[in-house]
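Right, one structure below, let's go through it.
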Amino acid sequence: MAVSSSVSTSTAFAVPVAAPAMRTPAGGLEDLVVPSSMGPIKVQVQWAARGGSSALYLLDGLRAPADHSQWTTDTDALRQFAGDDVTLVFPVGGNSSFYTDWYRPSSTNGQPTTYKWETFLTRELPDFLAGYGVSRTNNAIVGVSMGGNAAMTLAAHHRDQFRFAGSFSGFLNPAAPMWNQVMRAAMLDEGRFNIDDMWGAAGDPAWSRNDATVQAELLRGLPLYVTSGNGVPGPLDLPSGVGNTVNAAGIESFAVITASVFRDRTAALGIPARVDFTNGTHTWPYWQQSLASARPMILDALSLSPGTSPVAGDR
């Protein structure tokens with residue numbers, strides 16, 4: 008579902024990271040090209056409505072396109088936050104990356120460089136955005152599917168950067184025994200990536216480090232919002248067609264298991280976390296709803312008052 012906008016999109020090229028901080032541009036959608044160890048990375052941003060310094064990072068799923076963030080085309084995220092004083096940050100690309108630092112390039116598809124997405128999202132990109140006046144510390148992060156677990160683990164390991172974390176249909180327990188093979192099959196299907204080049208063989212410490220459930224203790228004190236459907240198709244699935252709906256239902260039936268495990272783990276540790284289960288499958292219309300539900304929590308965590316953004320469904 009495309010998002011209509013009267014704001015023209017421009018492209019900004021890299022400026023020195025050490026450039027003097029400027030006040031964040033007030034409103035508008037812009038494409039940036041950010042230097043990284045992986046080469047130039049496109050990042051789409053919707054600047055804070057009134058030039059504020061807070062930011063919300065939004066991560067894509069496994070099939071992240073190379074030219075745009077699906078958040079900007081398949082949801083109304085831009086519209087939801089248009090009146091809020093928070094910059095939306097949409098990293099582009101990284102399909103099958105799990106937004107993590109890999110050990111080496113994938114050996115099964117000729118990948119020329121090693122994915123270093125954690126380094127990019129927590130060091131290179133914040134340093135670049137600081138040149139536009141965006142805070143390095145007053146940020147929130149959410150992700151869908153592949154990006155859901157990443158949002159939680161990035162927040163766990165970088166508490167100085169993030170004040171809120173949200174996962175929508177994320178796979179929050181990848182270190183559990185069956186997940187190595189589930190993820191292996193998915194990554195081979197999406198780009199012929201080799202999972203062993205990401206976190207090594209099952210049981211490697213990298214699997215536990217990148218597991219939101221295992222790292223739950225590091226999330227203590229952070230506002231958390233986790234959502235998952237139960238795999239039962241609903242009205243929002245109808246436009247996608249029967250074939251897509253069956254596939255999305257199957258994927259979501261796995262996601263809801265890990266969301267339940269995460270809920271039980273945080274409850275056992277006495278860590279507050281909002282966990283919502285709904286009828287629905289693994290598809291963008293549900294994640295748009297999840298973002299609308301998360302918006303008040305995000306703004307509160309960033310100490311922002313709601314702006315004039317319309318709520319989802321108010322069309």
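This note's numbering numbers the first residue of the sequence shown as 8 and each following residue consecutively.
Cβ atoms here follow ideal geometry from the backbone N, Cα and C, with glycine treated the same way.
**According to DSSP, residues forming a beta bridge with Gln146** = It is Asn, not Gln, that sits at residue 146 in the sequence shown. Ala62 and Phe169.
**Prompt:** Cβ atoms of Leu226 and Thr273: under 9 Å apart, would you say?
**Reply:** yes
**Request:** Output the distance between the C-alpha atoms of Ser151 and Pro47, rounded to the nearest integer angstrom.
**Result:** Here residue 151 is Val; the residue named in the question, Ser, does not match the sequence. Taking the straight line from one Cα to the other gives about 23 Å.
**Message:** Taking only three categories from DSSP, how would you classify Tyr110?
**Reply:** coil
**Message:** For a minimum of 3 consecutive residues, which ranges assigned as the beta strand (DSSP E) are wholly contained in the segment 264-309?
**Reply:** 281-285
**Rounded separation between Asn146 and Ser113 - CA only** = 31 Å
**Request:** Return the Cβ separation of Ala62 and Val93 in integer angstroms, given the expectation that the two are a contact with Cβ distance under 8 Å.
**Result:** 6 Å
**Item:** C-alpha distance - Gly42 paired with Gly35, whole-angstrom precision
**Value:** It is worth fixing the name first, because residue 42 is Pro in this sequence and not Gly. Rounded to whole angstroms, Pro42 to Gly35 spans 22 Å at the Cα level.
**Prompt:** At a cut of 8 Å, does the segment 216-232 reach the segment 188-196 through at least three beta carbon pairs?
**Reply:** no
**Request:** Can you give me the start and stop residues for the beta strand (DSSP E) that Gln53 sits inside?
**Result:** Ile48 to Gln53
**Prompt:** With 16 as the cutoff for other CB atoms within 10 Å, does Ser310 come out buried or exposed?
**Reply:** exposed
**Message:** For Ala163, which residues in the same chain have their Cβ closer than 6 Å to its Cβ, ignoring the five residues on either side in sequence?
**Reply:** Gln222, Leu225 and Leu226
**Message:** Can you find the residues in the same chain that come closer than 7 Å, C-beta to C-beta, to Ala84, ignoring five residues on each side of it along the sequence?
**Reply:** Leu65, Trp78, Leu95 and Leu298
**Opening and closing residue of the beta strand (DSSP E) in which Ser235 lies** = Leu231 to Gly236
**Message:** DSSP three-state label for Ser260, please.
**Reply:** helix
**Length of the line joining the Cα atoms of Asp134 and Arg143** = 7 Å
**Asked** Mind checking Thr120: buried by the 16 CB within 10 Å criterion, or exposed?
**Response** exposed
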